[in-house]
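Data first, discussion second: the structure below is written as structure tokens.
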Amino acid sequence: MTITSPPYNIGKEYESILDLEHYLEWCERWMQSIHHLTEDSGCFWLNLGYLHVEKKGLAVPIPYLLWDKTNFFLLQEVVWNYAAGVACRNRFSPRNEKLLWYVKNPAKYTFNLDAVRDPNVKYPNQKKNGKLKCNPLGKNPTDVWQIAKVTSGRNRSSRERTAHPAQFPLELIERIIRASSNQNDVILDPFIGSGTTALAGLKNNRFVIGFEINDEYIDIIKERFKEYDLQNT
Numbered sequence: 001m002t003i004t005s006p007p008y009n010i011g012k013e014y015e016s017i018l019d020l021e022h023y024l025e026w027c028e029r030w031m032q033s034i035h036h037l038t039e040d041s042g043c044f045w046l047n048l049g050y051l052h053v054e055k056k057g058l059a060v061p062i063p064y065l066l067w068d069k070t071n072f073f074l075l076q077e078v079v080w081n082y083a084a085g086v087a088c089r090n091r092f093s094p095r096n097e098k099l100l101w102y103v104k105n106p107a108k109y110t111f112n113l114d115a116v117r118d119p120n121v122k123y124p125n126q127k128k129n130g131k132l133k134c135n136p137l138g139k140n141p142t143d144v145w146q147i148a149k150v151t152s153g154r155n156r157s158s159r160e161r162t163a164h165p166a167q168f169p170l171e172l173i174e175r176i177i178r179a180s181s182n183q184n185d186v187i188l189d190p191f192i193g194s195g196t197t198a199l200a201g202l203k204n205n206r207f208v209i210g211f212e213i214n215d216e217y218i219d220i221i222k223e224r225f226k227e228y229d230l231q232n233t
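Just so we're aligned: the sequence shown equals residues 1 to 233 in the UniProt record's numbering.
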């Protein structure tokens, strides 16, 4: 399986801005490469934010511009609600990003529901004899995930925070990995950034292949692995 979040084309320090047409063409090329590498039972989780499209929209969800630019089958959109962010005065304050869950074969893909059930909520099910029962592992999470963003700043910085400006929260990637892959599977992240996918894979007994062109971010990944090793020896 693949999990990734490529540059959003909004001028972050690690990216060069392309015009919209060339940005979408670039995304289409690497997405097709991922499809080629994915096994028949594999999947692809794509996270992207929003961008301004001249004369069309102020905050257009990038996944909506890309959803059909691949041979994958789009199984579901998940909304990641992260609760913290920039406050707006003339529109609602943005607090979510999209996750597109693609599969190569909609008749053959991995979904480990029991591995990601919410143990804090146990909805009863109706038995044939009229009695109520609850799944002891909890309920199936909805397609809106309330997972805190990795934040920075005085007195509010996340414990897992690194110097990377767009860091995935570990909880988010662990949920995806547990739901959509099995132990000893191979996870690919072609834009691995701060290394959250690699760390989540290590914690859940998966193999991870990642790519990163920025030496500073590679150093961050190395440091995170050192800390993990120290905590688990």
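Built from N, CA and C at the ideal position, the CB exists for glycine as well.
Bear in mind the structure is a predicted one, so any value in this text is a computation, not a measurement.
Practice task
Spatial neighbours of N184 within its chain, please: CB distance less than 8 Å, with the 5 preceding and 5 following residues excluded, ordered by chain position.
Solution key: N205, R206, F207
Exercise for the section: Enumerate in chain order the residues of its own chain whose CB-to-CB distance from Y228 is below 8 Å, with the five nearest sequence positions on each side excluded. Expected result: L199, L202, K203
Handout entry: H164 - DSSP class collapsed to helix/strand/coil
Key = coil
Handout entry: Top-ranked residue by Cα proximity to G138, from S194, N71, I3, D118
Key = D118
Practice task
Would you mind stating whether L99 and L66 have Cβ atoms separated by less than 8 Å?
Solution key: no
Problem - Alpha carbon of F191 to alpha carbon of C43, nearest angstrom - result: 16 Å
Exercise for the section: State the DSSP-derived secondary structure class of L188, mapped to helix, strand or coil. Expected result: strand
Problem - Alpha carbon of E39 to alpha carbon of N90, nearest angstrom - result: 46 Å
Handout entry: Residues near L58 by beta carbon distance below 7 Å, same chain, minus five either side
Key = H52
Exercise for the section: Output the residue ranges of the alpha helix (DSSP H) runs that lie fully inside the region 68–148 and measure 4 residues or longer, sorted by chain position. Expected result: none
Practice task
Identify which residue in D68, Y50, S93, R224 has its Cα closest to the Cα of S5.
Solution key: Y50
Handout entry: Cβ pair W45, W80 closer than 8 Å
Key = no
Practice task
Let me know if D189 comes out buried or exposed under the rule of 16 or more other beta-carbons within 10 Å of its beta-carbon.
Solution key: buried
Practice task
Starting from the C-beta of E28, find all residues in its chain whose C-beta is less than 6 Å away, skip the five residues before and the five after it, and write them out in chain order.
Solution key: K69
Exercise for the section: Just confirm the distance between the C-beta atoms of R224 and G195, as a whole number of angstroms; I'd bet it's less than 8 Å. Expected result: 5 Å
Problem - Cβ neighbour criterion (16 or more within 10 Å) applied to S33 - result: exposed
Handout entry: Inter-residue Cα distance where the pair is Q149 and Y82
Key = Note on residue identity: the sequence assigns Lys, not Gln, to residue 149. Cα-Cα distance, rounded: 5 Å.
Handout entry: C-alpha gap between R95 and N135, whole angstroms
Key = 31 Å
Handout entry: Beta-bridge pairing of N47 - partner residues as DSSP gives them
Key = L99
Exercise for the section: Go to G201, then tell me how far its alpha helix (DSSP H) extends in each direction, as first and last residue. Expected result: 196–203
Problem - Y14 versus Q231: straight-line alpha-carbon distance, rounded - result: Reliability fails at Y14, whose pLDDT of 43 lies under 50, so the model's placement of it is uncertain and the value that follows must be treated cautiously. If you take the alpha carbons of Y14 and Q231, they lie about 30 Å apart.
Problem - Rounded separation between residue 247 and F73 - CA only - result: Outside the displayed span of the chain (1 to 233) sits residue 247, for which this structure offers no information.
Practice task
Going by CA-CA distance only, name the one from N47, S41, H35, K55 that's closest to L20.
Solution key: K55
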